[in-house]
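Below: one structure, written as structure tokens.
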Amino acid sequence: MENIKVALTGNPNVGKTAIFNGLTGMRQHVGNWPGVTVEKKEGTYIHKGINFLVTDLPGIYSLSAVSIDERIARSFLTEENPDVVVAIIDGMNLERNLYLVSELMDLGVNLIIAVNFMDEVEKNDMKIDIQKLSEVFGVPVVGTVAIKGHGIQKLKDEIFKASQSKSVSFIRYSDELEQYIKQIEEISRLFNIKSPFRTRFLALKLIEEDPEIFEQMRLSVNNARQFSRLFNEILSDIKQKHDDPSVFVGDEKFKFIKRTLKNIVEGSGTKSESLTNKMDNIFTHRIWGLPILFGIMYTVFQLTFTLGGIFADWLDSGMGFLSDWVLSSVQNEILASFLANGIIGGVGSVLVFVPNIFILFLLIAVLENVGYMARAAFVMDKVMNAIGLSGKSFIPMILGFGCNVPAIMATRTIEKEDDRIITAVLNPLIPCSARIPIFLAFAGTFFPKHQGLIVFSMYIIAIALIVILAKILKTTLFKGTPAPFVMELPPYRVPSFSQVNSEAWKRTSLFVKKAGTIIFAAVIAIWLLASLPTGVEYASENSYIGLIGKTIAPIFKPNGFGNWQSSVALIFGFMAKEVVVGTLGALAGGIENLGSFLSNLFTPISAYSFMLFSLLYVPCVASLGILLKEVGMKWTVLSVVLLISLAYFVSMAFYLIGSLFI
92 MENIKVALTG NPNVGKTAIF NGLTGMRQHV GNWPGVTVEK KEGTYIHKGI
142 NFLVTDLPGI YSLSAVSIDE RIARSFLTEE NPDVVVAIID GMNLERNLYL
192 VSELMDLGVN LIIAVNFMDE VEKNDMKIDI QKLSEVFGVP VVGTVAIKGH
242 GIQKLKDEIF KASQSKSVSF IRYSDELEQY IKQIEEISRL FNIKSPFRTR
292 FLALKLIEED PEIFEQMRLS VNNARQFSRL FNEILSDIKQ KHDDPSVFVG
342 DEKFKFIKRT LKNIVEGSGT KSESLTNKMD NIFTHRIWGL PILFGIMYTV
392 FQLTFTLGGI FADWLDSGMG FLSDWVLSSV QNEILASFLA NGIIGGVGSV
442 LVFVPNIFIL FLLIAVLENV GYMARAAFVM DKVMNAIGLS GKSFIPMILG
492 FGCNVPAIMA TRTIEKEDDR IITAVLNPLI PCSARIPIFL AFAGTFFPKH
542 QGLIVFSMYI IAIALIVILA KILKTTLFKG TPAPFVMELP PYRVPSFSQV
592 NSEAWKRTSL FVKKAGTIIF AAVIAIWLLA SLPTGVEYAS ENSYIGLIGK
642 TIAPIFKPNG FGNWQSSVAL IFGFMAKEVV VGTLGALAGG IENLGSFLSN
692 LFTPISAYSF MLFSLLYVPC VASLGILLKE VGMKWTVLSV VLLISLAYFV
742 SMAFYLIGSL FI
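Structure follows, in structure tokens:
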């Protein structure tokens, strides 16, 4: 079957993901781009007997290759040479979005424009003449409402047609700019320059003084000095008339776009802008913005435990019933113990919290799709600046609520090296989803009436410690001013249930997969150590795991949990934080025994102390691996030493002080 390569591109927040999902459905997978840690999404669909391979490029504003996202997009478009490129633009922000379209046309790709959010255009009493837009740009244009699936079939038809014709159009700018483009094209032909870029695109980027393009040209010509002399003559002429050549090119593009839109768009869309401004006056208020942020996050955690607890209780009962059935039905004692105590008790102790984790991810996805998470970063910018960091550092920290691994990767978007290192080193303090089973198990056992508040306190403590440590690092090892934070705030939108549900399940499925791999392997090891040597009682202090735990336990006596079971759980938790609960569940002899098992080992004070230690000590092996890759051995060691020390002394201080009042 023939394969047609399709690339989706566009600015951030234009609905690219919704169109990608609409085209590919469930036939998609996520990985990383070669050599970098930026996410790569690919999917397939079949239309008219042809297989279409769709690649969702990172959200970008131009093809200038300033950021890693822009470099990835530009390299893919030139090196992979997709058969069709779909530029997705926001119907409410045509002027800004069409700038990227102009660059794609300069590049010479086989282009289709998808104008998304057409429902919002209509609601704001605007009209976009799709046919006229197509005629002016010389490419097919499709109106879509991606989250509702409107226009997706039409888009598939246009992609099919474009893949058969493979036509290329370009925009003609002012006579002055066209003359400069022609002169540089002549120089390129004179020196027989070999480049993956179309000569028109090459000429425009050379005028913009794109360093990567210029270096490629310099290295590809035989007489680099003569090439530079001729090119600099043209550039000097431009600078005499326009000061900044890149601004000159940008102005020419926007002049063309504005002229075009006068005859294509009716209405101003001020209704949407007015609503967004009114809402931003509340959610980004200089005084109330921060309390509102914490109020929203507190509500998220309360709903996570209130709603998730209902389903978790059902799962808990089901796991308990399954464990009892295995013990009574399987005749072989060793196999019965392995299945009930090891697999069901260990893995089941983690899986029982899947409903809570799904609801947490669902609520965060709602906030992201509504447009609030961008506001959260904006509100936190002042706090981050107070400790010497940019608001951009808050974005990886938001990602850390899901998993610290992609969060540490995301620090690559921070331009200033010092800010990037501090953010990466402290990111493991953000409570990832792997720690949630620990918090839920202990909060549910010892603080059943205040679960949401207790777990929320973990997040507040983590954020407070990050603020304090960042300030210390910024005033000692990393002195300097933070980089400015520039971020586009998307309009508020009603989230699509299917898209929110899809995003939440994708994140939850990663958690479930971990339970089926890393946690499964860990509980097998735990069960074996708890069952050996033969002849000893399962999970007794005389078993191998008991002997290991008793050796380490005295270290944690000042912290209030000097029992060998918790010591072993913390050791195995180094593999993955979920394994802490998996270990305790396996040692308890089944999930139905976990609550009473914990009650015999901890008091409310020591339980909270254990939660603090689990919150703060070293992240999982995967997090340390990516931290080592991103910041090197020196800063990874600093992070490990810092986190272990912090966990031990904060936990100990809480237990000792708390014990004085009880």
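Following our numbering, the numbering of the sequence shown begins with 92 at its first residue and continues without gaps.
Note that the Cβ used here is the ideal one computed from N, Cα and C, for glycine as well.
Beta-carbon proximity of I203 to V105, cut-off 8 Å: Translated into positions along the sequence shown, residue 203 becomes position 112. Translated into positions along the sequence shown, residue 105 becomes position 14. Taking 8 Å as the Cβ cut-off, I203 and V105 do not qualify as a contacting pair.
Cα-Cα separation between I648 and I383, rounded to whole angstroms: The residue labelled residue 648 in the question sits at position 557 within the sequence shown. The residue labelled residue 383 in the question sits at position 292 within the sequence shown. The sequence shown places Lys at residue 648, rather than the Ile named in the question. Those two C-alpha atoms are separated by around 40 Å.
Coil, strand or helix - V206 by DSSP: As a first step, residue 206 is located in the sequence shown; it is residue number 115 there, counting from the start. Three-state DSSP puts V206 in a strand.
Residue from A713, T536, N201, V445 with nearest C-alpha to A595: Translated into the one-based positions of the sequence shown, residue 595 becomes position 504. Distance check between A595 and each of A713, T536, N201, V445 places V445 closest, using alpha-carbon atoms only.
Cβ shell of R598 (< 7 Å), same chain only, five flanking positions each side left out: Here residue 598 refers to the residue found at position 507 of the sequence shown. Beyond the five residues adjoining it in sequence on each side, R598 comes within less than 7 Å, by CB distance, of F452, G493 in the same chain, given in chain order.
Alpha-carbon spacing of K668 relative to N172, whole angstroms: By 1-based counting over the sequence shown, the position of residue 668 is 577. By 1-based counting over the sequence shown, the position of residue 172 is 81. Near 43 Å, if we compare the C-alpha coordinates of N172 and K668.
Simplified DSSP state of T135, which is helix, strand or coil: Counting from one through the sequence shown, the residue named residue 135 turns up at place 44. Taken through DSSP and simplified to helix, strand or coil, T135 comes out as strand.
For K96, the first and last residue of its enclosing beta strand (DSSP E): By 1-based counting over the sequence shown, the position of residue 96 is 5. Here the beta strand (DSSP E) through K96 covers 94 to 101.
First and last residue of the uninterrupted beta strand (DSSP E) at N142: Taking the sequence shown and counting its residues from 1, the one referred to as residue 142 is at position 51. That run of the beta strand (DSSP E) goes 141 to 147.
Buried or exposed by the 16-neighbour rule on C-beta atoms within 10 Å, applied to V97: Counted from its first residue, the sequence shown places residue 97 at position 6. With 16 or more other Cβ atoms from the protein chains shown falling within 10 Å of its own Cβ, V97 counts as buried.
DSSP three-state assignment for G234, whether helix, strand or coil: In the sequence shown, the residue the question calls residue 234 occupies position 143. Residue state for G234 is assigned as strand, using DSSP reduced to three classes.
Closest residue to S337 among S428, S657, P302 (Cα-Cα distance): The residue labelled residue 337 in the question sits at position 246 within the sequence shown. For the set S428, S657, P302, the Cα lying nearest the Cα of S337 is the one of P302.
As assigned by DSSP and simplified to three states, the class of D181: Numbered from 1 along the sequence shown, position 90 holds the residue referred to as residue 181. It is a strand residue.
Segment limits, alpha helix (DSSP H) that includes E170: As a working note, residue 170 is residue 79 in the sequence shown. It is not in any alpha helix (DSSP H) - E170 carries neither H nor E in the DSSP assignment.
Cβ pair F288, T169 closer than 8 Å: On the sequence shown, position 197 is the one that residue 288 refers to. On the sequence shown, position 78 is the one that residue 169 refers to. Yes; because the gap between Cβ atoms is below 8 Å, this pair is in contact.
Whether V233 touches S260 by CB criterion (8 Å): For the purposes of this step, residue 233 is taken as residue 142 along the sequence shown, with counting starting at 1. For the purposes of this step, residue 260 is taken as residue 169 along the sequence shown, with counting starting at 1. Cβ distance not < 8 Å, so V233 and S260 don't count as in contact.
Ranges of the alpha helix (DSSP H) found wholly within the stretch 254 to 314, counting only runs of at least 4: At a cut-off of 4 residues, the continuous stretches assigned as alpha helix (DSSP H) that sit fully inside the stretch 254 to 314 are 266 to 281, 290 to 298, 302 to 311.
Cβ pair V443, D415 closer than 8 Å: Here residue 443 refers to the residue found at position 352 of the sequence shown. Here residue 415 refers to the residue found at position 324 of the sequence shown. Contact flag unset, no.
Best match in R280, K214, V177 for proximity to M196 [C-alpha to C-alpha]: In the sequence shown, the residue the question calls residue 196 occupies position 105. Ranking the options by Cα distance to M196, first place goes to V177.
Euclidean distance between Cα positions of G637 and S428: Residue 637 sits at position 546 when you count from the first residue of the sequence shown. Residue 428 sits at position 337 when you count from the first residue of the sequence shown. Cα to Cα, G637 sits roughly 17 Å from S428.
Through-space distance from F339 to E161, alpha-carbon basis: In the sequence shown, counting from the first residue as 1, residue 161 sits at position 70. In the sequence shown, counting from the first residue as 1, residue 339 sits at position 248. A straight-line Cα-Cα distance of about 21 Å links E161 and F339.
Helix, strand or coil at H376 [DSSP, three-state]: Here residue 376 is taken as the residue at index 285 of the sequence shown, counted from 1. In the structure shown, H376 falls within a coil segment according to DSSP collapsed to helix, strand and coil.
Top-ranked residue by Cα proximity to S548, from T567, G113, P522, P528: For the purposes of this step, residue 548 is taken as residue 457 along the sequence shown, with counting starting at 1. Closest option to S548, Cα to Cα, is P522.
Meets three-Cβ-pair contact criterion under 8 Å: the stretch 517 to 532 and the stretch 702 to 712: Segments in contact, yes.
Contact set for L268: own chain, Cβ-Cβ below 6 Å, skip 5 residues either direction: Reading the sequence shown from its first residue, position 177 is the one you call residue 268. Same-chain partners within the cutoff: E343.
Coarse secondary structure for E424, derived from DSSP in three states: For this step, residue 424 is matched to residue 333 along the sequence shown. In the structure shown, the three-state DSSP call for E424 is helix.
N- and C-terminal bounds of the alpha helix (DSSP H) containing I512: What you label residue 512 is simply residue 421 of the sequence shown in a count that begins at 1. 508 to 517 is the extent of the alpha helix (DSSP H) around I512.
Backbone secondary structure at I219 - three-state DSSP: Position 128 of the sequence shown holds residue 219. Reduced to three states, the DSSP call for I219 is strand.
CB of F292 within 8 Å of CB of L198, strictly: On the sequence shown, position 201 is the one that residue 292 refers to. On the sequence shown, position 107 is the one that residue 198 refers to. It is a contact, given that the beta carbons lie within the stated cut-off.
Contact check, V496 vs S730, beta carbons under 8 Å: The residue you call residue 496 lines up with position 405 of the sequence shown. The residue you call residue 730 lines up with position 639 of the sequence shown. Between V496 and S730, the gap from beta carbon to beta carbon reaches 8 Å or more.
Test item: CB-CB of L490 and I450 under 8 Å: Locating residue 490 in the sequence shown gives position 399, counting from the first residue. Locating residue 450 in the sequence shown gives position 359, counting from the first residue. Not a contact, by the Cβ cut-off of 8 Å.
D371 to S524 span [Cα, whole Å]: Locating residue 371 in the sequence shown gives position 280, where the first residue counts as 1. Locating residue 524 in the sequence shown gives position 433, where the first residue counts as 1. Going from the Cα of D371 to the Cα of S524 covers about 29 Å.
Same chain only: Cβ atoms within 6 Å of L623, ignoring 5 sequence neighbours per side: Along the sequence shown, one-based indexing puts residue 623 at 532. Y635, listed in sequence order.
Three-state secondary structure assigned by DSSP to L683: Residue 683 sits at position 592 when you count from the first residue of the sequence shown. The residue you asked about is not Leu; residue 683 is Glu in the sequence shown. In the structure shown, E683 sits in a helix (DSSP, three-state: H, G or I).
Span of the alpha helix (DSSP H), counted from its first residue to its last, around Y635: Here residue 635 corresponds to residue number 544 of the sequence shown, with the count starting at 1. Per DSSP, Y635 is one residue of the alpha helix (DSSP H) stretching across 635 to 643.
Near the ligand SAH: S440 beta-carbon under 7 Å from a heavy atom: Looking for the ligand SAH in the displayed structure turns up nothing, as the structure carries no ligands at all.
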